[in-house]
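For the sequence shown, full-length UniProt numbering assigns the number 1 to the initial residue and increments by one for each residue that follows. Where is the CB? At the ideal position from N, CA and C, for every residue including glycine.
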Amino acid sequence: MPYYRRVGDVPPKRHTQFRQPDGSLFREELMGQEGFSSDSSLLYHRNAPTAIVSATVFEPPAWSRIPNLPLKPRHFQTGKLGGEPVDAVLGRQHLLANDDVRISFAEASQPSPLYRNAVGDECLYVSAGRLTVESTFGVLDLTEGDYAIIPTSVIHRLIPVDGPVRLLTIEATGHIGPPRRYLSVRGQFLEHAPYCERDLRAPTAPILTEGSDISVLVQHRRGWTEHIYANHPFDVVGWDGCLYPWAFSIHDFEPITGRVHQPPPVHQTFEGPNFVICSFVPRKVDYHPLAIPVPYNHHNVDSDEVLFYTGGNYEARRGSGIEQGSISLHPSGFTHGPQPGAVERAIGAEAFDELAVMVDTFRPLDLCEPALSIEDAGYAWTWAGARTA
Numbered sequence: 001m002p003y004y005r006r007v008g009d010v011p012p013k014r015h016t017q018f019r020q021p022d023g024s025l026f027r028e029e030l031m032g033q034e035g036f037s038s039d040s041s042l043l044y045h046r047n048a049p050t051a052i053v054s055a056t057v058f059e060p061p062a063w064s065r066i067p068n069l070p071l072k073p074r075h076f077q078t079g080k081l082g083g084e085p086v087d088a089v090l091g092r093q094h095l096l097a098n099d100d101v102r103i104s105f106a107e108a109s110q111p112s113p114l115y116r117n118a119v120g121d122e123c124l125y126v127s128a129g130r131l132t133v134e135s136t137f138g139v140l141d142l143t144e145g146d147y148a149i150i151p152t153s154v155i156h157r158l159i160p161v162d163g164p165v166r167l168l169t170i171e172a173t174g175h176i177g178p179p180r181r182y183l184s185v186r187g188q189f190l191e192h193a194p195y196c197e198r199d200l201r202a203p204t205a206p207i208l209t210e211g212s213d214i215s216v217l218v219q220h221r222r223g224w225t226e227h228i229y230a231n232h233p234f235d236v237v238g239w240d241g242c243l244y245p246w247a248f249s250i251h252d253f254e255p256i257t258g259r260v261h262q263p264p265p266v267h268q269t270f271e272g273p274n275f276v277i278c279s280f281v282p283r284k285v286d287y288h289p290l291a292i293p294v295p296y297n298h299h300n301v302d303s304d305e306v307l308f309y310t311g312g313n314y315e316a317r318r319g320s321g322i323e324q325g326s327i328s329l330h331p332s333g334f335t336h337g338p339q340p341g342a343v344e345r346a347i348g349a350e351a352f353d354e355l356a357v358m359v360d361t362f363r364p365l366d367l368c369e370p371a372l373s374i375e376d377a378g379y380a381w382t383w384a385g386a387r388t389a
């Protein structure tokens, strides 16, 4: 992250003696990226964070993916997923995936197990409800419209608050952060960035949870493992550094507008390995006297485009069947754009009231079975004025 934080109790100098009331040493845990060459944080535990008493193979819910064949645009209706009560980790319904990223959705009503993703960072987006993220760094409270970035290998759990939470999850195979063009060489947000440090939230106090024989599920590059820790990993009394879970509200994203229609990169919010995440928010639209406010037909030859429609009225998609909770996939190899009639209807509009999260990937996305089970089969033909296969 761009800047340093200090939470709880830490000694004046790192890697020096820091003693507990009984005279024993607190145990350091340095979490760092890219082999000590990038961001890191130093945590102080009451007990050894290395002390596990067992490790067994864990079998997560099975999933598979198939190519987008035949190649066509697709529309998935997340409101139709349904099913038994689930948690926000093991209950994720995987929808789209490639070797860089996996996009999932869950309507979670139960606390998740303690969980560590050792493959890459996760970006969570809360489309409805409230969620508490508990981690070794403390508590992060999320509500509708919040993004949360959970760095690789942070032990955490996700707890719905006062009812179910609808959650989009984007799992990377590397790190997710603000676009580099928004940051100075020292990591400060620049003046042209659509959000800044004041908009970010992070844990502000340790949890200091006690316990023994604690189960933690680890997703790693060769599968899943259940570790049993001798002591609870949330026994941290303090930490400092630039690596930690953090939250940002889509409602704090300041849209960039112009006299004519602006391309999707102005909406970029985060970047990951071979993908970007963008936010479409309510905004004034193009003010050239002859402007056409909705997007022009476009063909992103290097990327697949995914849009999760999470609020407002998405004017360019009227008549397509798209609604709140819909996810569209417009793959490379297909030219897409506004629905028939949208261009004419938009002329003269001064503002759009829409809310959506977009993921553009630079390798093709495969389809997962839950997505196929909720697909609107007629979507691909709506530009031709038909809704039948």
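CA-CA distance, R157 to P233, rounds to 12 Å.
A straight-line Cα-Cα distance of about 18 Å links S279 and A172. Contact between the segment 231-249 and the segment 76-84 is absent: fewer than three C-beta pairs spanning the two stretches fall below 8 Å. Comparing alpha-carbon positions, the option among D304, I327, P295, E375 lying closest to I347 turns out to be P295.
For S328, DSSP records a beta bridge to H75, L307.
Exposed is the label assigned to A62, since fewer than 16 other Cβ atoms lie within 10 Å of its Cβ. Take Y314, set aside five residues on each side of it, and the residues of its chain with a beta-carbon closer than 7 Å to its own are I322, E354, A356, in chain order. DSSP places V237 in the uninterrupted beta strand (DSSP E) bounded by 236-241.
Sequence-distant Cβ neighbours of Q20 in its own chain, meaning closer than 8 Å and more than five residues away, are F26, R46.
I149 and L329 have their alpha carbons spaced roughly 23 Å apart.
Residues Q268, E271 of the same chain have their beta carbon placed closer than 6 Å to that of P179, with the five preceding and five following residues left out of the count. If you draw a straight line from the Cα of T310 to the Cα of A106, it is about 14 Å long. Taking one beta carbon from each stretch, the segment 251-263 and the segment 26-42 have fewer than 3 pairs nearer than 8 Å; the two do not touch. H298 sits in a strand when the DSSP states are folded into three classes. Apart from sequence neighbours up to five positions away, the residues of its chain that approach D162 with a beta-carbon distance below 7 Å are R130, ordered along the chain.
Excluding its 5 nearest sequence neighbours in each direction, F253 has C-beta neighbours in its own chain below 7 Å: P194, Y195, T269, S279, V281, listed in chain order. If only complete runs of 3 or more residues are kept, the segment 169-230 shows the beta strand (DSSP E) at 212-220, in order along the chain.
Residue environment: E134 is assigned as buried (16 or more neighbouring CB atoms within 10 Å of its CB, all protein chains considered). The beta carbon of A48 lies closer than 7 Å to those of R27 in the same chain, with the five residues before and after it left out.
Spatial neighbours of L71 in its own chain (CB-CB distance under 8 Å, excluding positions within 5 residues in sequence) are listed in chain order as P331, G333, F334. In the DSSP secondary-structure assignment, Y44 is bridged to E28, G238.
Three or more pairs of CB atoms, one per stretch, sit closer than 8 Å, so the segment 96-106 contacts the segment 358-369. Going by DSSP, V133 is part of the beta strand (DSSP E) stretching over 122-135. For L372, the enclosing alpha helix (DSSP H) covers residues 369-373. Bridge partners of F275 according to DSSP: G272, T361.
Bounds of the beta strand (DSSP E) holding R6 are 5-8. Y115 sits in a strand when the DSSP states are folded into three classes. In this chain, the alpha helix (DSSP H) harbouring E344 covers 342-346. E122 is classed as buried because its beta carbon has at least 16 other beta carbons within 10 Å across all chains shown. As a beta-bridge residue in DSSP terms, G138 pairs with S135. Across the structure, H336 and S64 are spaced so that their CA atoms are roughly 27 Å apart. Y314: not part of any beta strand (DSSP E); DSSP gives it neither H nor E. In the assembly as shown, Y379 is a buried residue. Its beta-carbon has 16 or more other beta-carbons within 10 Å. Remark: three or more beta-carbon pairs, one from each stretch, lie closer than 8 Å, so the segment 238-245 and the segment 198-214 are flagged as touching. Look at D99 here: in three-state DSSP terms it is coil, with no helix or strand label.
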